[in-house]
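Protein chains: 2
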Amino acid sequence: MTPTRYDWKKLQRYCARLFEGAGLLPEHAAIVAESLVQADLRGVDSHGVVRTDIYLKRIEAGLIRTDGRMEAEASGAVTLLDGRNNPGAVVGSRALELALEGAKRNGCAVVGVKGSNHFGTCAYYLLQAVQHDVVMMVLSNASQTMPPTGGVRPFIGTNPFSVGIPAGERLPFILDMATSVVARGKIIVAAEKGEEIPLGWAVDKHGRPTTDAQEALEGSVLPMAGAKGYGISMFIDILSGVLTGAGFGRYVNNMYENWDEPQNVGHFFVAVDINAFMPVAAFKERMDRYIDEIKAEPKAPGVEEIYIPGELEHRRTLERMAAGIELPASVVRQLQEWGERFGCDLSEAAFSGAQV
Amino acid sequence: MTPTRYDWKKLQRYCARLFEGAGLLPEHAAIVAESLVQADLRGVDSHGVVRTDIYLKRIEAGLIRTDGRMEAEASGAVTLLDGRNNPGAVVGSRALELALEGAKRNGCAVVGVKGSNHFGTCAYYLLQAVQHDVVMMVLSNASQTMPPTGGVRPFIGTNPFSVGIPAGERLPFILDMATSVVARGKIIVAAEKGEEIPLGWAVDKHGRPTTDAQEALEGSVLPMAGAKGYGISMFIDILSGVLTGAGFGRYVNNMYENWDEPQNVGHFFVAVDINAFMPVAAFKERMDRYIDEIKAEPKAPGVEEIYIPGELEHRRTLERMAAGIELPASVVRQLQEWGERFGCDLSEAAFSGAQV
Numbered sequence: 416m417t418p419t420r421y422d423w424k425k426l427q428r429y430c431a432r433l434f435e436g437a438g439l440l441p442e443h444a445a446i447v448a449e450s451l452v453q454a455d456l457r458g459v460d461s462h463g464v465v466r467t468d469i470y471l472k473r474i475e476a477g478l479i480r481t482d483g484r485m486e487a488e489a490s491g492a493v494t495l496l497d498g499r500n501n502p503g504a505v506v507g508s509r510a511l512e513l514a515l516e517g518a519k520r521n522g523c524a525v526v527g528v529k530g531s532n533h534f535g536t537c538a539y540y541l542l543q544a545v546q547h548d549v550v551m552m553v554l555s556n557a558s559q560t561m562p563p564t565g566g567v568r569p570f571i572g573t574n575p576f577s578v579g580i581p582a583g584e585r586l587p588f589i590l591d592m593a594t595s596v597v598a599r600g601k602i603i604v605a606a607e608k609g610e611e612i613p614l615g616w617a618v619d620k621h622g623r624p625t626t627d628a629q630e631a632l633e634g635s636v637l638p639m640a641g642a643k644g645y646g647i648s649m650f651i652d653i654l655s656g657v658l659t660g661a662g663f664g665r666y667v668n669n670m671y672e673n674w675d676e677p678q679n680v681g682h683f684f685v686a687v688d689i690n691a692f693m694p695v696a697a698f699k700e701r702m703d704r705y706i707d708e709i710k711a712e713p714k715a716p717g718v719e720e721i722y723i724p725g726e727l728e729h730r731r732t733l734e735r736m737a738a739g740i741e742l743p744a745s746v747v748r749q750l751q752e753w754g755e756r757f758g759c760d761l762s763e764a765a766f767s768g769a770q771v
Numbered sequence: 416m417t418p419t420r421y422d423w424k425k426l427q428r429y430c431a432r433l434f435e436g437a438g439l440l441p442e443h444a445a446i447v448a449e450s451l452v453q454a455d456l457r458g459v460d461s462h463g464v465v466r467t468d469i470y471l472k473r474i475e476a477g478l479i480r481t482d483g484r485m486e487a488e489a490s491g492a493v494t495l496l497d498g499r500n501n502p503g504a505v506v507g508s509r510a511l512e513l514a515l516e517g518a519k520r521n522g523c524a525v526v527g528v529k530g531s532n533h534f535g536t537c538a539y540y541l542l543q544a545v546q547h548d549v550v551m552m553v554l555s556n557a558s559q560t561m562p563p564t565g566g567v568r569p570f571i572g573t574n575p576f577s578v579g580i581p582a583g584e585r586l587p588f589i590l591d592m593a594t595s596v597v598a599r600g601k602i603i604v605a606a607e608k609g610e611e612i613p614l615g616w617a618v619d620k621h622g623r624p625t626t627d628a629q630e631a632l633e634g635s636v637l638p639m640a641g642a643k644g645y646g647i648s649m650f651i652d653i654l655s656g657v658l659t660g661a662g663f664g665r666y667v668n669n670m671y672e673n674w675d676e677p678q679n680v681g682h683f684f685v686a687v688d689i690n691a692f693m694p695v696a697a698f699k700e701r702m703d704r705y706i707d708e709i710k711a712e713p714k715a716p717g718v719e720e721i722y723i724p725g726e727l728e729h730r731r732t733l734e735r736m737a738a739g740i741e742l743p744a745s746v747v748r749q750l751q752e753w754g755e756r757f758g759c760d761l762s763e764a765a766f767s768g769a770q771v
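Protein chains in written order, with our numbering: chain A, 416 to 771; chain B, 416 to 771.
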């Protein structure tokens, strides 16, 4: 029987080999594979190796370039990076580098990105940024999935909002969230079980609020917090897309549906060097105190612990590093098929149980 | 009978005279008065001239300084501004100036602020920023009103999140929102009417979800969008407070309850010059197209129009400029009493009906 539990390091090497097979430079293949496996480790399976297949398909179709050539133009502490349609995680990683360098040079830096693709989770960039004692905000637009408040059909994406902040002895603050009420995946699960969904999660195809999961799937998921989430998703689209020259609204192409054009996703990175405000050690003490105080707050009935954003994902990472990453059979099959093409064997990445 | 409807310009001059009477420099008194009356014009009555009384009381009690002396320290494109406990709108306006100058010089700028006070609405700063072709994000922490997710009692404030973006022929994008589900004022109204509130607005004093408006008032209002709003409110507290050296969490004092210490509010301004990305005219064309496309979307049943953040507040402003600002009798009384102290007559600010 084909194994469904994988060792994260071996799985990462396996995926990197697939991306190399598809033409990426080895260092870029490693980045894309790392960003996907890290998402699986953190429990964000929707952004994990499940995406390998679509990334490879688009590369093969000539809709994502693999030459790694990008173009950056600086204007003071601002840089505009044209990803020239390279893989999103490659482009995002270059934006991260530019933002970190800029913040160290100028105290703060803004990097706007056009010509990019789906770049995985924002947390992938945040977790690197906090190691450099930098506060980082990463935004990205995405293809249309949510209507504007009062609208009927998708116009804005579930554009992610994210902020990473280092701490001292405590875990860093890693907030990485879609701007929708709920992941569409949860509505799919409810539909499969024949269950109702809470009012406010979605509208039907006429724009009417619905508790019917099936009607919701034919309609659209809603922005979180009503008009507030609509406004947040919109400003992310504007900074990532309108301001950078990338696509925005309908001009960000859906990677599963559009096989004629690149996605033209835009991102927006803001980096602030902690040293510009106070000595890093003093800041980290203040952060630890903040985290300790919030975690020591009295808890509501039935609540065992108050969490900081990113804390649960960190625990999941330790668990999955130790116990392996469980993949759905459909994902295993896809990865195997690509392996056959590129001469690598997925079973070698199976979790052996003997872990460090 | 005492009038309750006021001419906005005269009301602004009246409030400015009160602040001058309390010791503010004329230019600073004008700023504070403008920020309050602008909020009333925009329909954000909670941040309007209703705050005149508490500001004046804290000035009189020596808990807000009036000398206008602040201290700014620059490090590259980052500035740390110590407001030295001057009025929030005065400090915020200085931060705005520094952020605008910095963005014009460096393409982007970050201004962190400590030693400030309640600074009115964020929109007050955004509306100025967009006139300079700058994208501005303004954040502020506030005294404790919301529990962390899973908590019982207030720890974070309804820390506002805001972004302002210029457009061309269209209105600017002005998103200015509290990070709570709903304004506490709405719960007060429900309690007065004996009505239930929706589940998810608030918890009782034991941290249990409640639909009882009275129990909610004894408990806490909840962050918008569950854990997402908690995370957003928290990052605002960290950037505004932990990073700047201002108060954070319990160290931001409540201006109505703490009569021993200054508030020590912190703010965080991020400014990006549009010119660093593309010619302003090209950006404005793209913005107008974006806005036109979103407003032209099909509408849900019963919806007449799709709005852009700030659009309704702009219409309210035109209405109230033309028809006057209606003030509650309690606010009129407070303003009159302060006028008696400082030798000015509120009735001179009454709305005459003959408006331009």
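Backbone N, C-alpha and C fix where the C-beta goes; we use that ideal spot for every residue, glycine too. The model shown is predicted, which means the values in this text are computed figures rather than measured ones.
Query raised in the report: DSSP three-state call for residue 447 of chain B: helix, strand or coil?
Result: Locating residue 447 of chain B in the second sequence gives position 32, counting from the first residue. Helix at residue 447 of chain B.
Requested in this report: Assess, as a yes-or-no matter, whether the stretch 711 to 727 of chain B is touched by the stretch 668 to 685 of chain A under the definition of 3 or more beta carbon pairs within less than 8 Å.
Outcome: The stretch 711 to 727 of chain B and the stretch 668 to 685 of chain A do not touch, with fewer than three beta-carbon pairs separated by less than 8 Å.
Query raised in the report: Taking only beta-carbon atoms, is residue 643 of chain B less than 8 Å away from chain A?
Result: Numbered from its first residue, the second sequence carries residue 643 of chain B at position 228. Yes, residue 643 of chain B lies at the interface with chain A (some Cβ there is under 8 Å from its Cβ).
Requested in this report: Below 7 Å between beta carbons is the criterion; list the residues of the stretch 533 to 544 of chain B that meet it against any residue of chain A, in chain order.
Outcome: none
**Report entry** First through last residue of the alpha helix (DSSP H) which encompasses residue 698 of chain B
**Finding:** Walking along the second sequence from the start, residue 698 of chain B turns up at place 283. Run containing residue 698 of chain B: 695 to 710, per the alpha helix (DSSP H) assignment.
Query raised in the report: Which chain A residues are close to residue 772 of chain B, counting only those with a beta carbon under 9 Å from its beta carbon?
Result: As shown, chain B starts at 416 and ends at 771. That puts residue 772 of chain B outside it, with no answer to give.
Query raised in the report: Buried or exposed: which applies to residue 416 of chain A, given that a residue is buried once 16 or more other Cβ atoms fall within 10 Å of its Cβ?
Result: Reading the first sequence from its first residue, position 1 is the one you call residue 416 of chain A. By the neighbour-count rule (16 or more Cβ atoms within 10 Å), residue 416 of chain A is not buried but exposed.
**Report entry** Closer than 7 Å at the beta carbon, the chain B residues around residue 521 of chain A
**Finding:** Sequence index remark: in the first sequence, residue 521 of chain A carries index 106 (1-based). Result: 491, 492 and 521.
Requested in this report: Would you list the one or two residues that DSSP bridges to residue 589 of chain B?
Outcome: Looking up residue 589 of chain B in the second sequence gives position 174. Beta-bridge pairing links residue 589 of chain B to B:579.
Query - Contacting residues, own chain, Cβ-Cβ under 6 Å from residue 420 of chain A (five flanking each side not counted) - result: Position 5 of the first sequence, counted from the first residue, corresponds to residue 420 of chain A. The residues are 739, 741 and 766.
Query - Cβ of residue 612 of chain A within 8 Å of any chain B Cβ - result: Translated into positions along the first sequence, residue 612 of chain A becomes position 197. So, not an interface residue.
Query raised in the report: Among the residues of its own chain, which have a CB less than 8 Å from the CB of residue 438 of chain A, if the five just before and after it don't count?
Result: Residue mapping note: residue 438 of chain A aligns to position 23 of the first sequence, counting from 1. The residues are 474 and 481.
Query raised in the report: Quick one: which chain A residues come within Cβ less than 9 Å of residue 689 of chain B?
Result: The residue labelled residue 689 of chain B in the question sits at position 274 within the second sequence. Within 9 Å Cβ-Cβ: 658.
Report task. Taking a Cβ distance cut-off of 9 Å, strictly less, list which residues of the stretch 547 to 575 of chain A are near chain B, in chain order. Result -> 550, 552, 562, 563, 564, 565, 566, 567, 568, 570 and 571
Query - Under 7 Å by beta carbon: chain B residues contacting residue 495 of chain A - result: For this step, residue 495 of chain A is matched to residue 80 along the first sequence. Near residue 495 of chain A (Cβ distances below 7 Å), the residues of chain B are 692.
Report task. Spell out a yes or no on whether the stretch 429 to 449 of chain A and the stretch 499 to 510 of chain A are touching, meaning 3 or more CB-CB pairs, one atom from each, closer than 8 Å. Result -> yes
Report task. Output the boundary residues of the beta strand (DSSP E) element that contains residue 746 of chain A. Result -> In the first sequence, the residue the question calls residue 746 of chain A occupies position 331. Unbroken run through residue 746 of chain A is the alpha helix (DSSP H), 744 to 757; no beta strand (DSSP E).
Query raised in the report: What first and last residue would you give for the alpha helix (DSSP H) that runs through residue 467 of chain B?
Result: As a working note, residue 467 of chain B is residue 52 in the second sequence. Run containing residue 467 of chain B: 467 to 475, per the alpha helix (DSSP H) assignment.
**Report entry** residue 542 of chain A - containing beta strand (DSSP E), residue span
**Finding:** Stepping through the first sequence from its first residue, residue 542 of chain A is reached at position 127. Unbroken run through residue 542 of chain A is the alpha helix (DSSP H), 538 to 544; no beta strand (DSSP E).
Report task. Output, in sequence order along the chain, the residues in the stretch 694 to 718 of chain A whose CB is closer than 8 Å to any CB in chain B. Result -> Those residues of the stretch 694 to 718 of chain A that come within reach of chain B (Cβ to Cβ, closer than 8 Å) are 698, 701, 702, 705, 708, 709, 712, 713, 714, 715, 716 and 718.
Report task. Alpha carbon to alpha carbon, how far is residue 530 of chain A from residue 545 of chain A? Give it in angstroms, no decimals. Result -> Looking up residue 545 of chain A in the first sequence gives position 130. Looking up residue 530 of chain A in the first sequence gives position 115. Spanning the two alpha carbons is a distance of roughly 26 Å.
Query raised in the report: Candidates A:751, A:701, A:706 and A:685: which alpha carbon is nearest residue 494 of chain A's?
Result: Within the first sequence, numbered from 1, the residue matching residue 494 of chain A stands at position 79. Of the candidates A:751, A:701, A:706 and A:685, the one whose C-alpha sits nearest the C-alpha of residue 494 of chain A is A:685.
**Report entry** Cross-strand partners of residue 488 of chain B (DSSP beta bridge)
**Finding:** As a working note, residue 488 of chain B is residue 73 in the second sequence. BP columns for residue 488 of chain B point to B:495.
Query raised in the report: Using a beta-carbon distance below 8 Å, is residue 766 of chain A in contact with chain B?
Result: Position 351 of the first sequence, counting from 1, holds the residue named residue 766 of chain A. So no, residue 766 of chain A is outside the interface.
Query raised in the report: Listing by chain order, which chain B residues have their CB less than 8 Å from the CB of residue 681 of chain A?
Result: What you label residue 681 of chain A is simply residue 266 of the first sequence in a count that begins at 1. Correct list: empty, because the minimum Cβ distance to chain B is about 11 Å.
Query raised in the report: residue 688 of chain A bridges to which residues according to DSSP?
Result: Reading the first sequence from its first residue, position 273 is the one you call residue 688 of chain A. DSSP output for residue 688 of chain A lists A:549 as bridge partner(s).
Query raised in the report: Between which two residues does the beta strand (DSSP E) carrying residue 526 of chain A extend?
Result: For the purposes of this step, residue 526 of chain A is taken as the residue at position 111 of the first sequence. From DSSP, the beta strand (DSSP E) with residue 526 of chain A extends over 523 to 531.
**Report entry** residue 671 of chain B burial status per 10 Å Cβ neighbour count (16 or more: buried)
**Finding:** Here residue 671 of chain B refers to the residue found at position 256 of the second sequence. Using a 10 angstroms sphere on the CB of residue 671 of chain B, the tally of other CB atoms stays under 16, which defines it as exposed.
Report task. Alpha carbon to alpha carbon, how far is residue 736 of chain A from residue 705 of chain A? Give it in angstroms, no decimals. Result -> Residue numbering aside, residue 705 of chain A sits at position 290 when the first sequence is read from its first letter. Residue numbering aside, residue 736 of chain A sits at position 321 when the first sequence is read from its first letter. Taking the straight line from one Cα to the other gives about 29 Å.
**Report entry** As assigned by DSSP and simplified to three states, the class of residue 439 of chain A
**Finding:** In the first sequence, counting from the first residue as 1, residue 439 of chain A sits at position 24. Coil at residue 439 of chain A, not helix or strand.
Query - Contact set between residue 590 of chain A and chain B, taken where Cβ atoms lie within less than 9 Å - result: Here residue 590 of chain A refers to the residue found at position 175 of the first sequence. Per Cβ cutoff of 9 Å: 643, 646, 647, 649 and 650.
Query - chain B within 8 Å of residue 663 of chain A, Cβ atoms only - result: Residue mapping note: residue 663 of chain A aligns to position 248 of the first sequence, counting from 1. Any Cβ of chain B closer than 8 Å to the Cβ of residue 663 of chain A would place that residue at the interface, and such an atom is present.
Query raised in the report: Helix, strand or coil for residue 425 of chain A per DSSP?
Result: Sequence index remark: in the first sequence, residue 425 of chain A carries index 10 (1-based). Here residue 425 of chain A carries a helix assignment [DSSP, helix/strand/coil].
Report task. Starting from the Cα of residue 565 of chain A, find the closest Cα among A:638, A:519 and A:713 and give me that residue. Result -> Here residue 565 of chain A refers to the residue found at position 150 when the first sequence is read from its first residue. Nearest to residue 565 of chain A by alpha-carbon distance, out of A:638, A:519 and A:713, is A:638.
Report task. Could you check if residue 555 of chain B is buried or exposed, using at least 16 other CB atoms within 10 Å of its CB as the buried criterion? Result -> In the second sequence, the residue the question calls residue 555 of chain B occupies position 140. Classification for residue 555 of chain B: buried.
Query - Coarse secondary structure for residue 558 of chain A, derived from DSSP in three states - result: Counting from one through the first sequence, the residue named residue 558 of chain A turns up at place 143. It is coil, neither helix nor strand.
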